[in-house]
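Report on the following structure.
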Amino acid sequence: MEDNTAMELQFITHYTGRYTYFDSARMALEGGCRWIQLRMKEATEEEVEKEAIRVQDLCRQYGATFIIDDHVALAKKLHADGVHLGKKDMPIAEARKLLGKDFIIGGTANTFEDVQMHYAAGADYIGCGPFRFTTTKKNLSPVLGLEGYRNIVSRMKETGINLPIVAIGGIAFEDIPAIMQTGVSGIALSGSILRADDPIAETRRIINS
Ligand SMILES: Cc1ncc(COP(=O)(O)OP(=O)(O)O)c(N)n1
Ligand SMILES: Cc1ncsc1CCOP(=O)(O)O
Ligand SMILES: [Mg+2]
Numbered sequence: 013m014e015d016n017t018a019m020e021l022q023f024i025t026h027y028t029g030r031y032t033y034f035d036s037a038r039m040a041l042e043g044g045c046r047w048i049q050l051r052m053k054e055a056t057e058e059e060v061e062k063e064a065i066r067v068q069d070l071c072r073q074y075g076a077t078f079i080i081d082d083h084v085a086l087a088k089k090l091h092a093d094g095v096h097l098g099k100k101d102m103p104i105a106e107a108r109k110l111l112g113k114d115f116i117i118g119g120t121a122n123t124f125e126d127v128q129m130h131y132a133a134g135a136d137y138i139g140c141g142p143f144r145f146t147t148t149k150k151n152l153s154p155v156l157g158l159e160g161y162r163n164i165v166s167r168m169k170e171t172g173i174n175l176p177i178v179a180i181g182g183i184a185f186e187d188i189p190a191i192m193q194t195g196v197s198g199i200a201l202s203g204s205i206l207r208a209d210d211p212i213a214e215t216r217r218i219i220n221s
């Protein structure tokens with residue numbers, strides 16, 4: 013991955029009664045976010061594919077990176093920029109074999125050992141969390157807080173693991189400076205943007221902070 017600025021804010025879609033997945037991605041893009049992850053947990057494969065085609069086209073118009081959560085075969089079929097995989101998803105090494113080196117593969121970590129494992133398997137970045145409790149994801153891993161990120165970042169330095177770490181989970185605008193101070197590379201947000209009165213303005217506020 014060459015452009016680390018694109019990584020600083022990732023917007024993750026989430027079902028709300030208020031906006032479609034497409035509209036939520038559009039608002040984040042309009043607010044200046046250049047990294048969208050399409051995450052549709054309760055949807056069928058067909059629904060994900062239909063929405064992915066539209067969101068991918070929109071991301072292309074904005075020059076944004078387009079990542080699909082969980083669905084490796086779909087990412088390959090649509091030539092998405094990449095895929096994000098957690099512990100219950102396809103193993104990263106297997107996804108790398110299927111996708112080759114040109115796709116971005118992100119992996120979820122809650123501990124330094126998770127980071128080590130994803131690094132060895134060939135991940136391009138780590139989604140590390142949760143920072144605090146969130147209702148956006150079920151079966152959350154233990155909350156990391158600032159100390160958790162400091163610890164993981166320092167152990168990565170000690171062991172020479174150089175991978176972008178993206179903090180995720182329950183993060184609000186006010187948390188961002190302190191989280192970035194821990195040495196992580198970026199932030200992934202869903203709820204704080206989707207719950208804002210004006211998601212475009214909220215994205216812009218975050219991008220300009
Ligand atoms: C950037 C980022 N980090 C973590 C996750 C969580 O992925 P996963 O553990 O597979 O859980 P689901 O998102 O599939 O519920 C993510 N999606 N993005
Ligand atoms: C996908 C995911 N993985 C860990 S927390 C989370 C959801 C983050 O969403 P929010 O910003 O709404 O807490
Ligand atoms: Mg997953």
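Counting in this note's numbering, the sequence shown runs from 13 upward without gaps.
The C-beta atom is built at its ideal place from N, Cα and C for all residues, glycine as well.
Buried or exposed: which applies to residue i, given that a residue is buried once 16 or more other Cβ atoms fall within 10 Å of its Cβ?
i: histidine 26; result: buried
i: leucine 110; result: exposed
i: histidine 96; result: buried
i: phenylalanine 224; result: For the chain, the structure presents residues 13 to 221; residue 224 sits outside this window and is missing.
i: glutamine 73; result: exposed
i: asparagine 220; result: exposed
i: alanine 194; result: Reading off the sequence, residue 194 comes out as threonine, not alanine. Threonine 194 comes out buried.
i: threonine 56; result: exposed
Can the beta-carbon of residue i be found closer than 8 Å to that of residue j?
i: leucine 152; j: phenylalanine 143; result: no
i: glycine 98; j: threonine 120; result: yes
i: alanine 190; j: glycine 43; result: no
i: methionine 52; j: tyrosine 33; result: yes
i: isoleucine 183; j: valine 196; result: no
Can you tell which of the options has its C-alpha closest to the C-alpha of residue i?
i: alanine 132; options: Glu59, Ile80, Leu175, Thr194; result: Leu175
i: glutamine 128; options: Val84, Val165, Lys113; result: Val165
i: methionine 168; options: Glu125, Glu54, Met39; result: Glu125
i: leucine 41; options: Met52, Leu21, His83, Ala55; result: Leu21
i: arginine 66; options: Gly139, Thr56, Leu50, Ser197; result: Leu50
i: alanine 8; options: Phe115, Ala76, Lys99; result: Since the displayed the chain opens at 13 and closes at 221, residue 8 lies outside it and no answer follows.
i: phenylalanine 145; options: Glu57, Ala87, Ser204, Glu170; result: Ser204
i: alanine 76; options: Ile48, Asn163, Pro189; result: Ile48
i: threonine 215; options: Thr171, Arg30, Gly141, Phe185; result: Phe185
i: aspartate 46; options: Asp93, Arg108, Met192; result: Here residue 46 is arginine; the residue named in the question, aspartate, does not match the sequence. Nearest C-alpha to arginine 46: Asp93.
i: glycine 29; options: Leu206, Arg217, Gly141; result: Leu206
i: histidine 130; options: Thr148, Asp210, Arg108; result: Arg108
For residue i and residue j, which I take to be in contact (beta-carbon distance under 8 Å), what is that distance rounded to the nearest angstrom?
i: leucine 70; j: arginine 38; result: 6 Å
i: leucine 201; j: isoleucine 24; result: 7 Å
i: glycine 139; j: isoleucine 180; result: 5 Å
i: aspartate 136; j: glycine 118; result: 6 Å
Measuring from the CB of residue i, is there a heavy atom of ligand 4 at a distance below 7 Å?
i: glycine 157; result: For the structure depicted, ligand 4 is absent and the ligand set comprises only ligand 1, ligand 2 and ligand 3.
Inspect the CB distances between the segment 99-109 and the segment 47-64 and report whether three or more fall short of 8 Å. Here the segment 99-109 makes no contact with the segment 47-64; the two share fewer than three CB pairs at distances below 8 Å.
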